[in-house]
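I have placed the structure first, in the form of structure tokens, so that the comments after it can refer back to it.
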Amino acid sequence: MSKATKARVPHPDLERVLVTEEKIEARLKALGEEISATYGQEEITVVAIVNGAVFFTADLLRRLRTPVRLDCLRVSSYRNSTRPETTPRILDALQIDIEGRHVLLIDDILDSGRTLSVVVEELRKRKPASLRTCVLLDKKVRREVAIEAEFVGFTIPDRFVVGYGLDFAERYRNLSCIGVLKPDLQNPPEWA
Ligand code: IMP
Ligand code: MG
19 MSKATKARVP HPDLERVLVT EEKIEARLKA LGEEISATYG QEEITVVAIV
69 NGAVFFTADL LRRLRTPVRL DCLRVSSYRN STRPETTPRI LDALQIDIEG
119 RHVLLIDDIL DSGRTLSVVV EELRKRKPAS LRTCVLLDKK VRREVAIEAE
169 FVGFTIPDRF VVGYGLDFAE RYRNLSCIGV LKPDLQNPPE WA
């Protein structure tokens with residue numbers, strides 16, 4: 019790696035930067051336009067999966083011209099490991115009614131697809147007028163459940179990434195870029 023490339027990596031635990039802050043900014047603007055064009059002035063009820071989607075949701079919603087209601091869901095999934103638990107569970111109930119509403123479900127990353135499909139199934143039971151999904155990142159090659167998002171920030175390769183909301187053991191969420199975590203920092207022996 020050249021000295022110049024190294025200097026741009028903003029955290030020592032990152033192997034490399036995958037998506038820069040500037041690229042995120044540009045994509046947010048385009049995605050905001052895309053979503054605003056889809057819904058127009060029809061109010062949407064955004065359901066964000068926390069903690070991962072916190073940064074993405076906050077930045078994206080401020081770029082929408084569409085009126086918005088917001089609520090959050092918490093889903094159990096990765097714990098302190100890069101290996102997912104097999105069945106994600108919804109841990110927090112929604113606080114607002116979504117029946118007859120246009121719902122936009124937002125998550126940080128679509129990986130195996132388990133998390134999103136479990137949440138989509140739950141939300142459908144509440145009979146929204148429409149239900150679309152939006153993810154910051156899509157690791158298409160990892161899919162185990164047939165599900166695609168209507169709005170995607172970036173399609174990325176099969177690497178474990180952190181930053182801009184994405185974590186490893188709740189760390190690195192506040193990095194401004196999205197980077198690949200050094201492999202020796204994933205799954206430390208005490209968490210095996
Ligand atoms: P899925 O259920 O396998 O689609 O996984 C979705 C969840 O796994 C996301 O909401 C993330 O919390 C987590 N996840 C998957 N891949 C990554 C990654 O590369 N970095 C950080 N978290 C990830
Ligand atoms: Mg996570």
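Residue numbers (the numbering used here): 19 to 210.
The beta-carbon is built from N, C-alpha and C at its ideal position, and this holds for glycine as well.
Rounded to a whole number of angstroms, what is the C-alpha to C-alpha distance between Glu168 and Cys152?
Residue numbering aside, residue 168 sits at position 150 when the sequence shown is read from its first letter. Residue numbering aside, residue 152 sits at position 134 when the sequence shown is read from its first letter. Straight-line Cα distance between these residues: approximately 6 angstroms.
The alpha helix (DSSP H) that contains Glu140, what's its start and end?
Within the sequence shown, the letter at position 122 stands for residue 140. Per DSSP, Glu140 belongs to the alpha helix (DSSP H) from 132-143.
Is Ile67 buried or exposed, if buried means 16 or more other CB atoms sit within 10 Å of its CB?
Position 49 of the sequence shown, counted from the first residue, corresponds to residue 67. Counting Cβ neighbours within 10 Å, Ile67 comes out buried, since at least 16 surround it.
Can you confirm whether the stretch 33-53 touches the stretch 105-121 when touching is taken to mean that 3 or more C-beta pairs between the two stretches lie within less than 8 angstroms?
With contact defined as three or more Cβ pairs closer than 8 angstroms, the stretch 105-121 and the stretch 33-53 are not in contact.
For Arg45, the first and last residue of its enclosing beta strand (DSSP E)
On the sequence shown, position 27 is the one that residue 45 refers to. First-last for Arg45: 39-57, but that is the alpha helix (DSSP H), not the beta strand (DSSP E).
Within 10 Å of its beta-carbon, does Pro175 have 16 or more other beta-carbons around it, so buried, or fewer, so exposed?
On the sequence shown, position 157 is the one that residue 175 refers to. When all chains shown are included, Pro175 counts as exposed.
Could you check if Ile62 is buried or exposed, using at least 16 other CB atoms within 10 Å of its CB as the buried criterion?
Here residue 62 is taken as the residue at index 44 of the sequence shown, counted from 1. Residue burial annotation: Ile62 is buried, with at least 16 other C-beta atoms found within 10 angstroms of its C-beta.
Heavy atom of the ligand SAM within 6 angstroms of Leu203 beta-carbon
The ligand SAM is not part of this structure, which contains only the ligand IMP and the ligand MG.
Status (buried if at least 16 other CB within 10 Å, exposed otherwise) for Arg142:
Working through the sequence shown from its first residue, we reach residue 142 at position 124. When all chains shown are included, Arg142 counts as exposed.
Local conformation of Phe73 per DSSP, three classes:
Locating residue 73 in the sequence shown gives position 55, counting from the first residue. Looking at Phe73 - three-state DSSP - the assignment turns out to be helix.
Name, in chain order, the residues that DSSP records as bridge partners for Arg34.
Numbered from its first residue, the sequence shown carries residue 34 at position 16. In DSSP, Arg34 forms a bridge with Val198.
Three-state secondary structure (DSSP) of Tyr190
Counted from its first residue, the sequence shown places residue 190 at position 172. Coil at Tyr190, not helix or strand.
Would you call Gly131 buried or exposed, if buried means 16 or more other Cβ atoms sit within 10 Å of its Cβ?
In the sequence shown, residue 131 corresponds to position 113, counting from 1. Buried.
Compute the distance between the beta-carbons of Leu199 and Val180, then report whether it is under 7 angstroms.
Start at 1 with the first residue of the sequence shown, and residue 199 comes out as number 181. Start at 1 with the first residue of the sequence shown, and residue 180 comes out as number 162. Contact flag set, yes.
Does the Cβ of Ile165 lie closer than 6 angstroms to at least one heavy atom of the ligand IMP?
Position 147 of the sequence shown, counting from 1, holds the residue named residue 165. Because no heavy atom of the ligand IMP lies under 6 angstroms away, the Cβ of Ile165 does not count as near it: no.
So, with DSSP's three-state summary, where would you put Leu109?
Here residue 109 refers to the residue found at position 91 when the sequence shown is read from its first residue. Secondary structure of Leu109 (DSSP, three-state): coil.
Whose C-beta lies closer than 8 angstroms to the C-beta of Lys162 among residues of the same chain, with five residues either side of it excluded?
Within the sequence shown, residue 162 is the residue found at index 144, counting from 1. As written in the sequence, residue 162 is Glu, which differs from the Lys given in the question. For Glu162, where only same-chain residues beyond five positions count, the Cβ hits under 8 angstroms are Ser130, Gly131, Arg132.
Cβ neighbours of Arg34 in the same chain (closer than 6 angstroms, five flanking residues each side left out)
Stepping through the sequence shown from its first residue, residue 34 is reached at position 16. Val198, listed in sequence order.
Suppose you measure from the CA of Arg144 to the CA of Val27; what does that come to, to the nearest Å?
Looking up residue 144 in the sequence shown gives position 126. Looking up residue 27 in the sequence shown gives position 9. Per the coordinates, the alpha-carbon of Arg144 lies some 44 angstroms from the alpha-carbon of Val27.
From Thr38, Leu112, Lys157, Lys158, residue whose alpha carbon lies closest to that of Val138
Position 120 of the sequence shown, counted from the start, is the residue given in the question as residue 138. Here the closest residue by C-alpha is Leu112.
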